[in-house]
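Chains as they are written, first to last, in our numbering: chain A, 12 to 285; chain B, 1247 to 1548; chain C, 100 to 457.
Please read the structure below before turning to the comments.
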């Protein structure tokens, strides 16, 4: 059945309009990053690279970016370990409260970040009063990020585990490999793509996170918070456009690679389900 | 299972002994794998949430939080109408944004799944790319678009639709609505696309073979199968819109949403107990929403 | 192939981090043989940590300043106390927040004999009741000034003589005022109430009506000086309640503005540098306090903010007309300003403010 052309055209136009709506701000960001205007009215006056010069001679956004990357790496590492472990627990075992655990791990990303943020900030304050080392700092930010990143890795690994047949693992054990060798040489390669996809998603989310970070940070800055304070101070707006251009340019290849790695290897697809 | 342990290095033998113990005691294996994430979530998520609830029952004395029990925060919420007004306004705004996101996401996802083949994956990624540009910078870009001298006003005046710039486009609830919609739309597209993609193409053929034309197929085949995805996307968009305080701060005219009043209690008014009580409100709203979603088995689709 | 890609993405991430580290360390000047060294974390009003006087301080002492800006006294108090109150060393608290800091135990007394420049402060700012309790100094006064009416000179050809312009329908949607409950005192001043910080319920009710009537005229409530500047620069507003700092910044950006204190009078604020009870960088903090109070530095702060300096000796470094305009030695002018204080029924003010914003 061929859909009439007019239906396809109208759907296509609708899709195009949605894309335009999604990309309009990005277009603005790019235009103003390469323009010498400081006020945000339209149209911009003259093309210029001056804001990139300003950006590269200002140490603050780069310190903030370094902090952001540090936090994102720490959060991702924790999320990878805990998320993979949780996926195995949910997929390979039966225990009381399975549903609840799945729900509980997903909850941080379902509830608004402000609830996570205010709950964790008062909790850390209390822990500090009890003498535990949880002063607000980049470490508490990393803990906060890790908490909502666990589900990203867990869901990816869980989905892959469900599709992976156990026959390969059983074959490996039959051939004399112990549990660890089987895990390292058979199981892990088959879920590696899912772990990487989840890890890169977690990394990207952590890098741009504002709300939870806002409540958990001490006197330092991550990049989004630097951008927020820069917006509030009202100076040199195109500088933030410039750094947004830099970060997007670097994020896109990272996530494209993640998407590529997350695809199932051809050999795996041929294995029948157990 | 035959093993030739005599010929193996000591490390491997020791490891295998441990592994045998672990395998033999399935409980131990479960504890090893379940323990760390459980402890983490209990200590860093459940603990904070419980503490938040407790804090809503405490109070401020002499500019410090004291652990003296009181229901005053809750009576304040219900006796001063402004707080429930703010909650109502936030629920309305979040609902509007969510419904609009559904309206925009459905045709897009359907078009991508049904009518693109070669470029589909790239076009799908193109929906995600805006998520990787900074959220704050995108919100800020809307100021340029919607301002008095901004892109939209200049355009409208240029094509003679209006003669004066429309000031209500910025620093208004309209501006907050438009910005929230654009920012969170991809989070609706992702699950809706995934749901529609899972529909086997043969169902469309079967449907038309049985005599259903376009709209009826959409209504009776696509909609029910896409519904879990739509609901999942709605949870994300609704939750994100409910808690967002930065967009109203940058784009609004001072009108408060629940995120703003909560953030204010923590970041400005320094009344943590009252802020905690206010935070329980969206928590309740979302718990209700999530409970409804569970009935539809949507949590599996997340 | 996949391994290669995984390694490539890891390399990209590490490169990102290295880039950040490289650029930041290339730019941040390493202070050789700094006398004290270490970080100094402060919360300050905008304009109080301008590079023009921060950089020489960092070079002299080796202390590296991290500043977080806040737009209101409430915000300063909350940020300072967040997470147990250990994140910041110094805060530039105004008179309406300083007593809160003192009574909650967040700040410690300072030894003014360690701050030589304190001796030259204006007499009314040496031991004012808002930062000196029971003879103990909980900080040193820094700058003070009025809350002014800032207006676009292309729209107002003459300076407005009354605050009524910001309550007037003639400028509907082109007005901005601070998002701060303390604004209620400004309305009290406009209504000629004698005690703007000690208001009865009847007075508060009338003020609330005035603010409710004003609500539709407000473009938006500003929460930072930068936001205020943007509103004027983009032509969104033509009149607003602000600080002299904004006039300086807008003039530098070639926006035609001026400021004035209308005939009803104005509220004002006096800022004190206060030291956290939990500070682990006390040496740097004392160095900063003495530095900030020195006439040369106060002159630089004046250049950035156009606020009035607390150190009387600054008058000698400025042209006579400017010293006069800032009322450095003019105690009569000082007494006419209704300085910010924490009202006894402040929670009621906060509630009214929330009701007005909606």
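Beta carbons: idealized from backbone N, C-alpha and C, even for Gly.
- Spanning the alpha carbons of residue 457(C) and residue 1503(B) requires a straight line of approximately 9 Å.
- A check of alpha carbon separations from residue 87(A) across 122(A), 156(A), 55(A) identifies 156(A) as the nearest.
- For a cut-off of 8 Å, the C-beta gap from residue 1383(B) to residue 125(A) is around 20 Å, too long to register as a contact.
- Setting aside the 5 residues that flank it on each side, residue 1332(B) is surrounded in the same chain by 1502, 1503, 1504, 1507, each with a C-beta closer than 7 Å to its C-beta; the list follows chain order.
- Counting along the chain, the unbroken alpha helix (DSSP H) around residue 163(A) starts and ends at 149 to 174.
- In the three-state DSSP reduction, residue 323(C) falls in the coil class, being neither helix nor strand.
- Only 1393, 1394, 1395, 1413, 1417 from the segment 1393 to 1417 of chain B bring a Cβ to less than 7 Å from some Cβ of chain C.
- Residue pairing by DSSP places residue 206(C) opposite 375(C) in a beta bridge.
- Inter-residue distance for residue 1350(B) and residue 199(C) is about 50 Å (C-alpha atoms, whole angstroms).
- Annotation: residue 457(C) is outside any alpha helix (DSSP H) and is labelled neither H nor E by DSSP.
- Here residue 228(A) carries a coil assignment [DSSP, helix/strand/coil].
- When C-beta atoms of the segment 1350 to 1367 of chain B are compared with those of the segment 200 to 219 of chain A, fewer than three pairs fall below 8 Å, so the two segments do not count as touching.
- Burial state of residue 366(C) is buried, judged by a 10 Å Cβ sphere holding 16 or more other Cβ atoms.
- Using a Cβ-Cβ cut-off of 7 Å, residue 1501(B) is close to 456, 457 of chain C, given in chain order.
- If you draw a straight line from the Cα of residue 375(C) to the Cα of residue 257(C), it comes to about 46 Å.
- One finds 450 in chain C with Cβ atoms closer than 7 Å to the Cβ of residue 1326(B), taken in chain order.
- In the same chain as residue 1299(B), and ignoring 5 residues on each side of it, the C-beta atoms closer than 8 Å to its own belong to 1522, 1526, in chain order.
- Taking the CA atoms as reference points, residue 206(C) sits about 50 Å from residue 58(A).
- Under the DSSP assignment, residue 241(C) falls in the beta strand (DSSP E) whose first and last residues are 239 to 245.
- Residues are counted here when their Cβ sits less than 9 Å from a Cβ of chain A; for the segment 1477 to 1489 of chain B these are 1481, 1482, 1485, 1486, 1487, 1488, 1489, given in chain order.
- Judged by their CB atoms, residue 316(C) and residue 271(C) are nearer to each other than the 9 Å cut-off.
- Beta-bridge analysis with DSSP links residue 141(C) to 166(C), 189(C).
- Listed in chain order, the non-local C-beta contacts of residue 204(C) below 8 Å within the same chain comprise 376, local neighbours out to five positions each way being set aside.
- Of the other Cβ atoms in all chains shown, 16 or more fall within 10 Å of the Cβ of residue 175(C); this residue is therefore buried.
- Here the segment 381 to 389 of chain C lies against the segment 135 to 151 of chain C, with 3 or more beta-carbon pairs under 8 Å apart.
- In this structure, residue 439(C) places its C-beta atom within 9 Å of the C-beta atom of residue 284(C).
- Scanning chain C for C-beta atoms nearer than 8 Å to the C-beta of residue 1419(B) yields nothing, as the closest lies near 10 Å away.
- Straight through space, the alpha carbons of residue 1475(B) and residue 1483(B) are spaced by roughly 12 Å.
- Taking a 10 Å sphere around the C-beta of residue 1478(B), we find 16 or more other C-beta atoms and assign the residue as buried.
- Between residue 195(C) and chain B, the shortest Cβ-Cβ separation is not below 9 Å.
- Between residue 231(A) and chain C, the shortest Cβ-Cβ separation is below 9 Å.
- The three-state secondary structure of residue 58(A), taken from DSSP, is strand.
- Within chain B, no residue has its CB atom less than 9 Å from the CB of residue 158(C), the nearest being about 33 Å off.
- The C-alpha of residue 1445(B) lies about 54 Å from the C-alpha of residue 140(A).
- Annotation for residue 233(C): no alpha helix (DSSP H) segment contains it, and DSSP assigns it neither H nor E.
- When the beta-carbon positions are compared, residue 1319(B) and residue 1417(B) stay at least 9 Å from each other.
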